[in-house]
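Colleague: Each residue of the sequence shown is one higher than the last, beginning at 7 in our numbering.
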Amino acid sequence: MTVLRLSKVSYAYDDDSNALDEIDLSVAGGECVAVIGPNGAGKSTLLRVMAGLLAPTAGTVEMMGKKLDRKKTAAGGNIGILFQDPDDQLFMPSVREDVAFGPLNQGLGTEEAGKRVTEALRLVGLPNFGERVPHHLSYGEKKRVAIAGILAMRPKILLLDEPTANLDPRGRAELMGLIGKLGCTVVMATHDMETAAAMADRVCVLNRKVLATGEKREILTNRKLLESNGLEMPTVARLFAEMDADGEMPLTVGEAAGWMAKRNEGLDRKEK
Ligand SMILES: Nc1ncnc2c1ncn2[C@@H]1O[C@H](COP(=O)(O)OP(=O)(O)OP(=O)(O)O)[C@@H](O)[C@H]1O
Ligand SMILES: [Mg+2]
7 MTVLRLSKVS YAYDDDSNAL DEIDLSVAGG ECVAVIGPNG AGKSTLLRVM
57 AGLLAPTAGT VEMMGKKLDR KKTAAGGNIG ILFQDPDDQL FMPSVREDVA
107 FGPLNQGLGT EEAGKRVTEA LRLVGLPNFG ERVPHHLSYG EKKRVAIAGI
157 LAMRPKILLL DEPTANLDPR GRAELMGLIG KLGCTVVMAT HDMETAAAMA
207 DRVCVLNRKV LATGEKREIL TNRKLLESNG LEMPTVARLF AEMDADGEMP
257 LTVGEAAGWM AKRNEGLDRK EK
């Protein structure tokens, strides 16, 4: 079932030509779509339009079959958006208050909101950060707190703008594991091809227009398309392309290990 549908969506900032130009994109319930594109491609703009924070200059955004109602969406908490810069997201004097802001705004009582805060901070690996001042945290810690604030609202659709940027490798792996486990619909904007390879079901290449949308392997192994848009294939795929490897191109270290094991099995059989 389609949960988000953009039809011919364009968006222009006051001083700019179209940052988004006639975007058609549908997202099905439970799927993870990675939107990739170079700097200035319109990825962040697209997520803000999807969240109803920016009204399209032309075209329509539908959520669950209904045209997006900006006020209702914000209040209903169906969509949670993680901004690219956590400083745009955090504004309360303590981490606890920041994470509680969304649930309280959704109308939950202080006790229930408190439970959500404790759970969300645990999920992002910051169980003891409740009394800290958001403004004093490291960039990666801020990002985790911003993610906790969204998780605490339990949105149906997560819009994540560069979610893994500036996270350390463990933080990145934990976040990817967490998002995978949540099982909700995710649209993420990212430059991080490894994250797209590991997380996405489908990938959309954006450069003001949608240049291609498809199953992740089809897009992430299309070197020409990626390179002509300032992107590159995931590291593992680049290595296997360089080796001119046969069969399905692995995108991640895990898939590469699978490819090797299969090849070794084949070699063993030949030797026998
Ligand atoms: N508030 C604004 N006012 C005017 N122009 C803007 C504004 N925000 C973004 N733009 C312009 O719109 C275009 C798309 O910007 P956007 O931030 O959506 O790109 P992006 O793909 O997210 O880039 P990045 O990879 O750097 O995060 C850019 O040309 C940018 O300069
Ligand atoms: Mg951006």
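For glycine and all other residues, C-beta sits at the position ideal for the given N, C-alpha and C.
Are the region 47–55 and the region 184–203 touching, with three or more C-beta to C-beta distances below 8 Å?
Modeller: Result yes; three or more Cβ-Cβ pairs closer than 8 Å.
Colleague: Could you give the distance in angstroms between the alpha-carbon of Leu166 and the alpha-carbon of Glu137?
Modeller: Those two C-alpha atoms are separated by around 25 Å.
Colleague: So, for Arg229: in the same chain, excluding its five sequence neighbours on each side, which residues have a beta-carbon less than 6 Å away from its beta-carbon?
Modeller: For Arg229, where only same-chain residues beyond five positions count, the Cβ hits under 6 Å are Met239.
Colleague: Taking Gly155 as the reference, which of Gly35, Arg122, Ser23, Ala179 has the closest Cα?
Modeller: Per the Cα distances, Arg122.
Colleague: What number of angstroms, rounded off, separates the C-alpha of Gly120 from the C-alpha of Arg150?
Modeller: So the alpha carbons of these two residues sit roughly 17 Å apart.
Colleague: When you get a sec, list the residues whose CB is within less than 7 Å of any heavy atom of ligand 4, chain order please.
Modeller: As presented, the structure is devoid of ligand 4, carrying ligand 1 and ligand 2 as its sole ligands.
Colleague: Is it the case that the Cβ atoms of Ala202 and Val211 are separated by a distance below 7 Å?
Modeller: Their beta carbons are not under 7 Å apart, which means Ala202 does not touch Val211 by this criterion.
Colleague: Buried or exposed for Glu224, going by 16 or more other Cβ atoms inside 10 Å?
Modeller: Classification for Glu224: exposed.
Colleague: Using alpha carbons as the reference points, say which of Gly177, Leu114, Pro161, Met159 lies closest to Ser144.
Modeller: That would be Gly177, whose Cα lies nearest to the Cα of Ser144.
Colleague: Could you give the C-beta distance for Val39 and Ile163, rounded to a whole number, given that I count them as a contact under 8 Å?
Modeller: Wrong, their Cβ atoms sit about 11 Å apart, outside the cutoff.
Colleague: Rounded to the nearest angstrom, what separates Leu217 and Gly260 at their Cα positions?
Modeller: Distance between the alpha carbons of Leu217 and Gly260: 29 Å.
Colleague: Which word fits Lys276, buried or exposed, when buried means at least 16 other C-beta atoms lie within 10 angstroms of its C-beta?
Modeller: Label assigned to Lys276: exposed.
Colleague: Do Asn45 and ligand 1 come close, with the Cβ less than 6 Å from some heavy atom?
Modeller: Yes.
Colleague: Quick check on this structure: which residue in Pro44, Ser100, Glu147, Arg214 has the alpha carbon closest to the alpha carbon of Asp91?
Modeller: Here the closest residue by C-alpha is Glu147.
Colleague: So the candidates are Glu28, Tyr19, Leu59, Asp21; which of them puts its Cα closest to the Cα of Ser13?
Modeller: If we check each option's Cα against that of Ser13, Glu28 comes out closest.
Colleague: Please list, in chain order, all residues of the same chain as Met199 whose beta carbon is under 6 Å from its beta carbon, the five residues on each side excluded.
Modeller: Same-chain partners within the cutoff: Pro240.
Colleague: Can you give me the start and stop residues for the alpha helix (DSSP H) that Arg54 sits inside?
Modeller: 49–56 is the extent of the alpha helix (DSSP H) around Arg54.
Colleague: Using DSSP with H/G/I as helix, E/B as strand and the rest coil, what is Asn24?
Modeller: Strand, per DSSP.
Colleague: By the three-class DSSP mapping on this structure, what secondary structure does Gly86 have?
Modeller: Gly86: strand per DSSP, three-state reduction.
Colleague: Less than 8 Å between C-beta atoms, sequence neighbours within five positions excluded: which residues of the same chain meet that for Gly189?
Modeller: Excluding residues within five positions, the ones whose Cβ falls inside 8 Å are Gly36.
Colleague: Leaving out five residues before and five after Met255 in sequence, what residues of the same chain have Cβ atoms less than 6 Å from its Cβ?
Modeller: Once the five neighbours on either side are set aside, the close Cβ partners of Met255 are Thr227, Ala243, Phe246.
Colleague: Let me make sure I understand the geometry here. Which of Arg128, Lys268, Val105 has the alpha-carbon closest to that of Glu180?
Modeller: The shortest Cα separation from Glu180 among Arg128, Lys268, Val105 belongs to Arg128.
Colleague: Grab me the residues of Ala81's own chain with a C-beta within less than 6 Å of its C-beta, minus the 5 sequence neighbours each way, in chain order.
Modeller: Caution is warranted here: a pLDDT of 36 is assigned to Ala81, below 50, making its placement in the model unreliable, and the coordinate value is therefore given only provisionally. If we look at Ala81 and ignore the five residues flanking it on each side, it has no Cβ neighbours.
Colleague: Under 7 Å, do Met69 and Pro109 count as touching if we go by C-beta distance?
Modeller: No. Outside cutoff.
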